[in-house]
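Take a look at the structure set out below.
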Amino acid sequence: GKVQGVGFRPFVWQLAQQLNLHGDVCNDGDGVEVRLREDPETFLVQLHQHCPPLARIDSVEREPYIWSQLPTEFTIRQSAGGAMNTQIVPDAATCPACLAEMNTPGERRYRYPFINCTHCGPRFTIIRAMPYDRPFTVMAAFPLCPACDKEYRDPLDRRFHAQPVACPECGPHLEWVSHGEHAEQEAALQAAIAQLKMGNIVAIKGIGGFHLACDARNSNAVATLRARKHRPAKPLAV
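As structure tokens, then:
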């Protein structure tokens with residue numbers, strides 16, 4: 001099913017802690033592999049009942065496993081390789097928790113446009129290879145700062161094992177470039193807003209490509225955009 005890029009491994013880890021189970025979980029070519037020392041019946045029931053919001057379980061295959069050494073805890077182990085036979089979810093809109101954080105003065109990610117967690121943010125558009133782990137995404141170019149790394153490793157944090165996790169200190173940032181002009185962060189945003197208000201068209205490089213933006217209330221700007229796209233009447237995707 002859809003079990004990679006949805007916070008599934010952290011969910012399994014937390015469920016195992018609640019049920020006092022021992023073993024491990026990892027991503028592999030078929031989805032997610034869970035190895036348990038104990039009987040899995042209760043675990044499987046709750047796995048389906050409390051599945052993460054973005055996840056979907058299509059099937060579960062069970063088989064006996066013989067431990068060379070019995071585990072004394074439950075861990076998230078390194079992803080396995082192999083041919084891929086699983087799905088990855090599309091990008092998800094910013095969740096309420098991240099929106100609240102982004103709009104709260106004093107928060108580390110206040111007004112940070114690339115905010116995300118295990119329940120939202122980029123997925124499909126940042127993947128270069130599977131399984132879905134940070135080294136196989138475009139975020140590999142942005143090493144985690146100590147604060148983000150702490151969140152990534154904290155089982156009680158909503159960014160526990162969130163592969164795209166970033167902040168203003170270590171992640172991508174806004175940048176404005178136009179005819180020799182250059183601005184960053186808030187100044188870049190204000191420059192784009194000013195151009196839109198002037199009736200110009202702005203090309204926005206997002207996570208998944210470029211978006212062309214203009215003021216929809218400005219008929220001249222819309223006409224110019226339609227002319228450039230050779231779409232005199234066909235509706236534009238919004």
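Numbering (the UniProt record's numbering), first residue to last: 1 to 238.
Every residue gets a Cβ at the ideal spot worked out from N, C-alpha and C, and that includes glycine.
On a predicted model such as this, the values are computed, not experimentally measured, just so you know.
(1) Check whether the Cβ atoms of Thr-118 and Gly-7 lie closer than 7 Å to each other.
(2) Per DSSP, Asn-27 forms a beta bridge with which residues?
(3) I'd like the list of long-range same chain contacts for Phe-74, defined as Cβ closer than 7 Å, with 5 residues on each side in sequence excluded.
(4) If you draw a straight line from the C-alpha of Phe-124 to the C-alpha of Pro-164, how long is it?
(5) What first and last residue would you give for the alpha helix (DSSP H) that runs through Phe-11?
(6) Could you check the C-alpha separation between Thr-104 and Ala-188 for me, to the nearest Å?
(7) Assess contact between the segment 128–144 and the segment 154–173, defined as three or more Cβ pairs (one per stretch) separated by less than 8 Å. Is contact present?
(8) Can Met-102 and Ile-115 be called in contact, C-beta distance under 7 Å?
(9) Applying the 10 Å Cβ sphere with the 16-neighbour rule, what's the burial state of Asn-220?
(10) Whole angstroms is fine: what's the gap from Asp-157's alpha carbon to Glu-151's?
(11) Alpha carbon to alpha carbon, what distance is there between Arg-56 and Val-89?
(12) Just curious, the alpha helix (DSSP H) that Val-222 is in, first and last residue?
(13) Going by DSSP in three states, Ala-203 sits in which element: helix, strand or coil?
(14) Quick check on DSSP: helix, strand or coil for Leu-212?
(15) Only counting the same chain, and skipping five residues up and downstream in sequence, which positions put a Cβ closer than 6 Å to that of Glu-38?
The short version:
(1) With respect to the 7 Å criterion, Thr-118 and Gly-7 are classified as neighbours on the basis of their beta carbons.
(2) BP columns for Asn-27 point to Val-32.
(3) Excluding sequence neighbours, Phe-74 sits near Trp-13, Ala-16, Gln-17, Leu-21, His-22, Gly-23 and Asp-24.
(4) Straight-line Cα distance between these residues: approximately 11 Å.
(5) Start and end: 8–18.
(6) The straight-line gap from Cα to Cα measures roughly 20 Å.
(7) Remark: three or more beta-carbon pairs, one from each stretch, lie closer than 8 Å, so the segment 128–144 and the segment 154–173 are flagged as touching.
(8) Yes, Cβ-Cβ distance for Met-102 and Ile-115 is below 7 Å.
(9) Here Asn-220 is exposed: its Cβ has fewer than 16 other Cβ atoms, across all protein chains shown, within 10 Å.
(10) Near 6 Å, if we compare the C-alpha coordinates of Glu-151 and Asp-157.
(11) Each residue's alpha carbon lies about 10 Å from the other.
(12) In the DSSP annotation of this structure, the continuous segment of the alpha helix (DSSP H) that includes Val-222 starts and ends at 219–229.
(13) In this structure, Ala-203 counts as strand in the three-state DSSP scheme.
(14) In this structure, Leu-212 counts as strand in the three-state DSSP scheme.
(15) Within the same chain, Leu-21 come within 6 Å of Glu-38 by CB-CB distance, once the 5 residues on both sides are set aside.
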